[in-house]
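J.: Just dropping this structure here.
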Amino acid sequence: MKIKRIAATVLAFVTLLSVGACGAGNNSAQSGGKDGLLFAGDSGSPTFTRNFNPFSSSKRIGINFIYEPLQVVNAIDGKATPFLATGNKVVDPKTITYTIRDGVKWSDGQAMTAKDVVYTFNLMKKQPSLDSLGVWQHIASIDEQGSTVTFHLKDDDIPAATIINQQLIVPEHIWSKQSDPVKWTNENPVGSGPYKLGQYTPNQYTLEKNQSYWQAGKVAAEKIILPASNKQLDLVNKGYDWGYSYMTNVDKTWGGPNRQHNHYWFPPGGTVSLFPNLTKAPFNNVDFRQGLNYAINREKIAKDAEEGYVEGAPQTGLLLPNQKMWVNDKIANQGKIDQNAAKALEYFAKAGYTKSGDKLVDSTGKQLQLNITVPNGYTDWLRGVQTLQSQLGELGISVKLQQPQPAAYVQQQNNGDFDLIVSSFGGTGTPFQDYNNLLNSEFALPVGQATSANFERYKNPKADELLAQLKRTADQSQQKAIIDQLQQIVYDDVPVVSMFYGGLWGLFSDKNYTNWPSEENPYATPATWTQNSLLVVTTIKKAR
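Our numbering puts the first residue of the sequence shown at 7, with every later residue one more than the last.
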């Protein structure tokens, strides 16, 4: 059963936000004021389009404060926090029930019930283009009785709960009246969340606190202000409370004169890796991949790419320390591999490449040349790959970099039109989704056909069987044993060569609000465009 790949999309958005944070535009916002929260979470092109359809790919980020899912999954540790559902129960591997919270009202005063939940999911079944999470890849049918909603799954599929959890729920009494819910822009949204739409202009909009929200007492900010332009200089000078941007020398740029209040947290959000095209030689040779694995200095690549804000990644597929509970203790050094030129050359020799003078050559004496694709504009990734290029050059390997525009890059990645491509995986919060996206052979479509995951086209019956086992068990000790084996496969077979963690570039000010997520209190990611925002606005407190 396929699960749509979310992590790479997120990381692509991460990088684009980081690059786009220097864009032009006028920003009238100066601060959130005493009761407001100035939020650099949405951006115009250069102005806003009024679209609050939560199913739309061009929706405003504000929908994450207006609508709620059944549960919010913290992508740091995978923990689910109840929202519109008070909890769920795995009745058996093919049946999951949710208890819908009583006493919740839509922002127009009407009661939210289990019928709204069933309606939302059936709407996506009727209109598949609305199903961006791919929930109906997992669900056979859905029904409700009282406050209980039951999901009947197509297969044994316990991880499906993580996907179901995250679907935003809409009111039936509003949406059932729309003739074309796909194209509808929902300019005056009615939701169940902590905020509702206030003033709106193409340059800025405001979200006002929903006073009838079911947990209104936890919501500190009376309003959220979202300007269309979020230039880095504005982030520093205009009193932003919460932003997201990769900043060079962040201690000086973001801290500077505001060091007392301005803080940052850059946790890992995925593993930036070198994806080989496994349908081609020499990349289909594990000895060759191991040669690459030992040829690179991950810590140096990470430092050059992200200025030391992130670490080199282990060759196990885990995000550490986020997923430390799943570490396979039998793999040395938690899967972190040190550069070892001699060992790299041994593996390359097994693959048919030997040193001749200062060049690594094949049996005909031709120097090994690698073509690596990295998207244009992803300046941090490019810096890392340039360091990798230099490291491989020291072993006598010629490396050429190809930098297509982002749209062309995505097409090449999905279609398998590359030799080696820099991409990312992980960061979903759950090991099953991370490994499924990386290893499941169902995604290994023929080159030329677009896939949404497993871009390297990895095929391993053992990995497929382990993933199938992982879908069937809710026992954590059994899950751990299976995940140990999946780590070993990634470590030994090198379907991708891990390089460094892609950071989530969270910027916070505690001048007006405290209790932001941090390394010490990682209750949510610092990302500004996800449902984790609900965890943030219901946890932060007004500064005294």
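We put the beta carbon where it would ideally sit given N, CA and C, even for glycine.
How would you call Thr101, buried or exposed, if buried means at least 16 neighbouring beta carbons within 10 angstroms?
T.: Classification for Thr101: exposed.
J.: Does the Cβ of Asn192 have 16 or more other Cβ atoms within 10 Å, making it buried, or fewer, making it exposed?
T.: Answer is buried; the Cβ neighbour count reaches 16.
J.: Just how far apart, CA to CA, sit Gln417 and Glu150?
T.: If I take the Cα positions, the gap works out to 41 Å.
J.: In chain order, what residues of the same chain lie with their CB nearer than 6 Å to the CB of Val20, ignoring the 5 residues before and after it?
T.: Interpretation of Val20 is limited by its pLDDT of 39, a score under 50 that renders its predicted location unreliable; no figure is taken from the coordinates.
J.: Classify Thr254 as buried or exposed, calling it buried when 16 or more other Cβ atoms lie within 10 Å of its own Cβ.
T.: Classification of Thr254: exposed, given that the 10 Å Cβ count is below 16.
J.: Quick check on the burial criterion: 16 or more other C-beta atoms within 10 angstroms. Buried or exposed for Leu541?
T.: That one is buried.
J.: Could you have a look at Tyr384 and say whether DSSP puts it in helix, strand or coil?
T.: Reduced to three states, the DSSP call for Tyr384 is coil.
J.: Sort out for me which residues DSSP pairs Thr103 with in a bridge.
T.: DSSP lists Lys95, Thr156 as partners of Thr103.
J.: Comparing alpha-carbon positions, which option in Leu366, Pro381, Phe89 lies nearest Val278?
T.: When only C-alpha atoms are compared, the closest one is Pro381.
J.: Since Tyr125 is in the alpha helix (DSSP H), which residue starts that stretch and which ends it?
T.: Here the alpha helix (DSSP H) through Tyr125 covers 120-132.
J.: What is the C-beta distance between Val196 and Pro177, in whole angstroms, given that I count them as a contact (C-beta under 8 Å)?
T.: Val196 to Pro177, Cβ: 6 Å. Contact.
J.: Is it buried or exposed for Val79, if we count other Cβ within 10 angstroms and need 16 for buried?
T.: With 16 or more Cβ atoms within 10 Å of its Cβ, Val79 is classed as buried.
J.: Cα-Cα, which of Ser62, Leu136, Asp310 is closest to Gly390?
T.: Closest by alpha carbon: Asp310.
J.: I need the boundaries of the alpha helix (DSSP H) containing Ala319, first residue and last residue.
T.: Segment: none, Ala319 is in no alpha helix (DSSP H) and carries neither H nor E.
J.: Fully enclosed by the region 324-394, which alpha helix (DSSP H) runs are 4 residues long or longer?
T.: Correct list: 347-356.
J.: Which residues does DSSP list as the beta-bridge partners of Asp149?
T.: Answer is Thr156.
J.: Residues in the same chain with beta-carbon distance under 7 Å from Thr545, minus the five sequence neighbours each way, listed in chain order, please.
T.: Asn521, Tyr529, listed in sequence order.
J.: Keeping to the same chain, check which residues put their C-beta closer than 8 Å to that of Ala549; ignore five residues upstream and five downstream.
T.: Correct list, in chain order: Asp516, Lys517, Asn518, Tyr519, Thr520.
J.: Is there contact between the region 477-489 and the region 256-267, where contact requires at least three CB pairs shorter than 8 Å?
T.: Short answer: they don't touch.
J.: Buried or exposed for Gly140, going by 16 or more other Cβ atoms inside 10 Å?
T.: Label assigned to Gly140: buried.
J.: Could you give the DSSP three-state label for Tyr219: helix, strand or coil?
T.: Tyr219 falls in the coil class under three-state DSSP.
J.: Label Pro467 either buried or exposed according to how many other C-beta atoms from any shown protein chain fall within 10 Å of its C-beta, with 16 as the threshold for buried.
T.: Per the 10 Å Cβ criterion, exposed.
J.: For Thr55, count the other beta carbons within 10 Å of its own beta carbon; 16 or more makes it buried, fewer makes it exposed. Which is it?
T.: Thr55 should be labelled exposed.
J.: Could you tell me the alpha carbon to alpha carbon distance between Leu451 and Gln77, rounded to whole angstroms?
T.: Going by the C-alpha atoms only, they are around 33 Å apart.
J.: Let's test the definition: count the other Cβ atoms within 10 Å of the Cβ of Thr536 and tell me whether it reaches 16, buried, or not, exposed.
T.: It counts as buried.
J.: Have a look at the DSSP bridge pairing and note the partners of Ile488.
T.: Bridge partners of Ile488: none, in fact.
J.: With contact counted as at least three CB pairs below 8 Å, one residue from each stretch, are the region 491-506 and the region 109-116 in contact?
T.: The region 491-506 vs the region 109-116: no contact.
J.: Could you give the distance in angstroms between the alpha-carbon of Phe281 and the alpha-carbon of Leu398?
T.: Taking the straight line joining both Cα atoms gives about 16 Å.
J.: Any idea which residues DSSP pairs Glu214 with across the strands?
T.: According to DSSP, Glu214 bridges with Lys202, Lys229.
J.: Does the pairing of the region 205-219 with the region 81-89 give three or more beta-carbon distances under 8 Å?
T.: No, they do not touch.
J.: Any contact of the region 300-316 with the region 500-510, i.e. 3+ C-beta pairs under 8 Å?
T.: The region 300-316 vs the region 500-510: in contact.
J.: Tyr104: which of Gln133, Thr87, Ser138, Phe157 sits nearest, CA to CA?
T.: Cα-wise, what sits closest to Tyr104 is Phe157.
J.: Going by the CB atoms, is the gap between Leu374 and Ser198 shorter than 8 Å?
T.: No, these two residues do not count as a Cβ contact at 8 Å.
J.: Let me check understanding here. Comparing Cα to Cα, which of Pro437, Gly383, Gln345 lies closest to Pro412?
T.: Considering only alpha carbons, the answer is Gly383.
J.: Among Ala357, Glu317, Pro233, which one has its Cα closest to the Cα of Phe294?
T.: Among Ala357, Glu317, Pro233, the Cα nearest to that of Phe294 belongs to Ala357.
J.: Sort Leu394, Lys330, Gly363, Leu325 by Cα distance to Asp440 and report the nearest one.
T.: For Asp440, the nearest C-alpha among the options comes from Leu325.
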